[in-house]
Every structure is written in structure tokens, then in C-alpha cells.
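What the sequence shown shows, in the working numbering, is residues 2 to 223, in sequence order.
For glycine and all other residues, C-beta sits at the position ideal for the given N, C-alpha and C.
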Amino acid sequence: MWRRAASLSPFISSSGSLIRNHQTAYNLKIWESFTTEIPTQVKGGKGPFICFVLGGPGSGKGTQCAKIVKNYGLTHLSAGELLRREIASNSEYGTTILNTIKEGKIVPSEVTVSLIQKEMESSDSKKFLIDGFPRSEENRAAFERIMGAEPDIVLFFDCPEEEMVNRVLNRNEGRVDDNIDTVRKRLQVFKALNLPVINYYARRGKLYTKVLHSDQCSGNSR
Ligand SMILES: Nc1ncnc2c1ncn2[C@@H]1O[C@H](COP(=O)(O)OP(=O)(O)OP(=O)(O)O)[C@@H](O)[C@H]1O
Ligand SMILES: O=c1ccn([C@@H]2O[C@H](COP(=O)(O)O)[C@@H](O)[C@H]2O)c(=O)[nH]1
Ligand SMILES: [Mg+2]
């Protein structure tokens with residue numbers, strides 16, 4: 002069940018308990034909005050439909066994006082994947098990006114935004130799911146400044162911390178940041194820098210939150 006929150010700040014938490022009780026929150030069939038809102042946006046000629054997908058490490062962003070792509074045909078751009086691709090291509094920024102990811106820190110905004118921009122501009126798509134970005138207020142401001150665009154909607158996967166840690170440690174995809182030390186750092190960065198961005202979009206009425214309760218964390222709710 003999705004909830005739209007007009008203003009959650011400063012109450013938002015990674016456990017989501019206060020979100021569930023907030024009076025301005027109401028249920029929304031978010032999946033239907035992908036089919037009803039997108040054509041309007043595209044027809045309006047205001048540029049592509051942009052949906053940011055946010056959540057802590059292992060909260061299920063990539064997993065859910067794959068489903069949205071399959072069902073609604075949006076183009077999925079994972080900021081983390083774009084950065085990993087940059088490392089693999091031995092680009093000039095590769096080593097810096099690798100060290101930043103190992104530390105669970107945030108890559109300079111100009112680097113990430115320029116990778117996203119390149120993908121968006123070379124695509125014919127008019128509807129994008131941007132996964133794992135923006136990670137900070139600075140990321141958000143840089144995207145707005147460089148792209149001259151804001152997201153139409155923002156999805157937030159609010160997953161209990163213990164579940165996120167378990168998922169990351171069991172992911173087995175060979176990621177350099179899937180270890181307990183880096184996950185702990187990523188969680189700190191998520192709370193310090195990413196939650197303020199989530200709050201910002203809540204205040205702007207753009208945030209749709211999927212709260213995952215601990216009793217739904219057995220792996221069968223994907
Ligand atoms: N609902 C779910 N129940 C159990 N496991 C899940 C669920 N959703 C995703 N997973 C698993 O958890 C792991 C992390 O999921 P995923 O990669 O989608 O998260 P993410 O938010 O993209 O993480 P990251 O920010 O680290 O890229 C994967 O191994 C995935 O298969
Ligand atoms: O906008 C972004 C996205 C990612 N990073 C760095 O990459 C890792 C992994 O990202 P995932 O989204 O979890 O795949 C993240 O911890 C950051 O170090 C980034 O800097 N900026
Ligand atoms: Mg991911």
C-alpha cells in the first residue's frame with residue numbers, strides 16, 4: 002500500500018512508524034498513477050516524466066524498478082549502476098568513484114548528474130525512473146540546475162534497518178560495498194543526507210512512501 006504525504010518533516014524516520022500515523026497521509030494506488038499521469042505529462046510538452054526512486058541500501062529500489070519497467074515501460078536509470086559502469090570503463094573518475102563507493106560516501110554531484118544527463122539525452126524515452134538519486138540536497142540542487150528539471154513524483158521504500166542490512170549482506174552480486182562496514186556507513190549517510198531530500202519532496206507533495214513492516218520481511222513480499 003502506498004501513502005502520499007504532503008508534509009512529513011521533521012517526523013520521517015527510516016522505520017516509518019510516524020508516517021503511518023500522519024494525518025495528511027492517504028492511500029494511493031501508485032501503480033495506476035504511472036498509467037494515468039504519464040501521458041498527461043508527456044503531452045504537456047514539459048520535458049520527460051521523471052520519477053526518482055529513493056530508499057536506504059538494500060531497501061529494494063532496483064528490484065521494484067525492474068517490476069515497474071516490466072509493467073509500465075519506464076526507462077530505468079540506476080545512478081549506482083552508472084557509477085559502477087564508469088569504474089569498469091577505467092574512466093578518469095573511475096578510481097575516485099571506486100574509493101567513494103567503498104567508503105559509502107557520495108560521489109560529487111557534477112559527475113553523477115553528467116552521467117544521468119548523458120543517458121537521458123541519448124534516449125528516445127519520455128519517462129524515466131531514476132533509482133538511487135538524489136542522495137543529498139546538494140545532488141538535488143545540482144540536478145535542478147544542470148537539467149533544468151524536477152521530478153514529477155518520488156517513490157520512497159521505507160524498510161526496517163535490520164532488513165536492509167540482511168538483504169545487502171545476502172545479495173551475492175560481488176559489490177565492493179556489500180560488507181558490514183560499508184553498509185553501516187551507507188546507513189549513516191542515508192539518514193544524514195538522503196532523508197532530508199525525502200522530507201523535501203514530502204513537503205512539496207511529490208512523495209509516495211511504501212512502508213515495509215518488519216512482519217513483511219520474510220522475502221515473500223517482493
Ligand atoms: N521484498 C523483498 N524481500 C526480500 N528480499 C528482497 C526484497 N526486495 C529485494 N530483495 C533482495 O534484497 C537485495 C537488495 O535489493 P535491491 O538490490 O533491489 O535493493 P536496492 O535498494 O537497489 O539496494 P542498493 O541501494 O544497495 O542498490 C537483493 O538481493 C534483492 O533480491
Ligand atoms: O547518486 C548516487 C548514487 C550512488 N552513489 C554511490 O554509489 C553507491 C551505490 O549506490 P546504489 O544506489 O546503492 O547502487 C552509494 O553508496 C554511493 O557511494 C552516489 O555517490 N551517488
Ligand atoms: Mg540498487
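Based on the DSSP output, what are the partners of residue i in its beta bridges?
{"i": "K62", "result": "According to DSSP, K62 bridges with nothing at all."}
{"i": "H77", "result": "L130"}
What residue does the alpha helix (DSSP H) around residue i start on, and which one ends it?
{"i": "Y202", "result": "196–204"}
{"i": "K103", "result": "95–103"}
{"i": "V166", "result": "162–170"}
{"i": "L156", "result": "No alpha helix (DSSP H) holds L156; the beta strand (DSSP E) holding it covers 154–159."}
{"i": "L116", "result": "110–122"}
{"i": "K186", "result": "181–190"}
{"i": "I147", "result": "138–148"}
Could you check where the beta strand (DSSP E) with residue i kicks off and where it finishes?
{"i": "G56", "result": "50–56"}
Excluding the five sequence neighbours on either side, which residues of its own chain have a C-beta within less than 6 Å of the C-beta of residue i, listed in chain order?
{"i": "T183", "result": "G105"}
{"i": "F191", "result": "G57"}
Excluding five sequence neighbours on each side, which residues of the same chain lie with their C-beta closer than 7 Å to the C-beta of residue i?
{"i": "E87", "result": "Y94, G95, I98, L116"}
{"i": "G61", "result": "F158, C160"}
Looking only at its own chain, which residues have a Cβ that is under 8 Å from the Cβ of residue i, when we skip the five neighbours before and after it?
{"i": "I181", "result": "V166, L170"}
Within 8 Å, do at least three Cβ pairs link the region 91–100 to the region 146–166? They do not touch, by the three-pair rule.
Is there contact between the region 198–210 and the region 131–141, where contact requires at least three CB pairs shorter than 8 Å? yes
Does the pairing of the region 107–122 with the region 72–91 give three or more beta-carbon distances under 8 Å? yes
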